[in-house]
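First the structure, in the form of structure tokens, and then the observations on it.
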Amino acid sequence: MTSPLADLEAILSRYDPAPKWDLSGRIAAAICIPITDSIAGLEAWVIRRPAWLRHHGGEFSFPGGKTEPGDVDLKATALREAAEELGIPAAALRIIGLLSPIPVVTSEFAIHPVVAFVAPAEQPQPAAAEVAELIRTPMAAFYDGRIVYEAVDMQEYVSPIFRFASGRMFGASAHVLLELLTLYASVTGRELPQPVMVDEAPWAAPNSAPRAVDDSPSR
């Protein structure tokens, strides 16, 4: 009998992360989706950005950013950003697969998601300048309704939203998370609940301040 982690690794090894969106003219950046083992089973790590950030303040996302000169490829970018933002050694992260790149509608970036396993013994020390909250969420919580799955009809596509205790994840980060959850469902036999359709997009709420085009690929 294999473990959920081994099953997830197996399906990611066979998965073709081909782009599902037009990435023409986009600047490549990378994000890391950290996964680890816990008493509750596999868990995914989500971060909430500090509210005072000029761009994407208060939003839910994954560690990530632009390529820097020392990065040999986008995988290295993802691991470096995760190590810096979560306060763990890069050596504690092991890549287990890739997901489909996706454009960030509020900027010129396309983010390339890298799924990485975090050694369970690691104790993250998130960087306060970039992470207001680290949310360690059991994967099972997305399937049993503890994390509410919502969506808004954008006419051309349906945009997913995930409701955490302290707010909602939306945009590119939510699309990436949904792709991972869909793959995980196929190896565990679980099914995601049907999304609760909402009339108003979180980013268009009356109390949401307008955001300038960003130089960070967080959403």
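According to this note's numbering, the sequence shown holds residues 19 to 237 in order. Glycine included, each C-beta is placed from N, C-alpha and C at the ideal position. Keep in mind that this is a model prediction, so the values were computed, not measured.
Span separating the alpha-carbon of A69 from that of E151: 11 angstroms
- prompt: Along the chain, which unbroken stretches of the beta strand (DSSP E) at least 3 residues long are found entirely within the region 170-233?
  reply: 176-182 and 185-187
task: Counting only the same chain and skipping the five closest in sequence on each side, list residues whose C-beta sits under 6 angstroms from that of A101.
output: A108
- request: Output the distance between the C-alpha atoms of A96 and A190, rounded to the nearest integer angstrom.
  value: 16 angstroms
- prompt: Nearest to E209 by alpha carbon, out of P52, P87, P220 and M157?
  reply: M157
- prompt: Which value, in whole angstroms, describes the spacing of the CA atoms of P220 and M187?
  reply: 9 angstroms
query: Got a sec, what are the start and stop residues for the alpha helix (DSSP H) K93 sits in?
result: L92 to L104
message: Which of the three DSSP states is assigned to S125 in this structure?
response: strand
- prompt: D25 by DSSP, collapsed to three states: which one?
  reply: helix
Inter-residue Cα distance where the pair is L201 and L26: 8 angstroms
Residues that L71 bridges to, as DSSP identifies them: For L71, which the question treats as bridged, DSSP gives no partner whatsoever.
task: List the residues that DSSP assigns as beta-bridge partners of S238.
output: No answer is possible for residue 238: it lies beyond the span of the chain, which begins at 19 and ends at 237.
message: With the cut-off set at 8 angstroms, would you say A128 and R44 are in Cβ contact?
response: yes
- prompt: Short check: CB of V194 to CB of I49, under 8 angstroms?
  reply: yes
query: Do R186 and the ligand GDP come close, with the Cβ less than 7 angstroms from some heavy atom?
result: This structure simply doesn't include the ligand GDP, nor any ligand for that matter.
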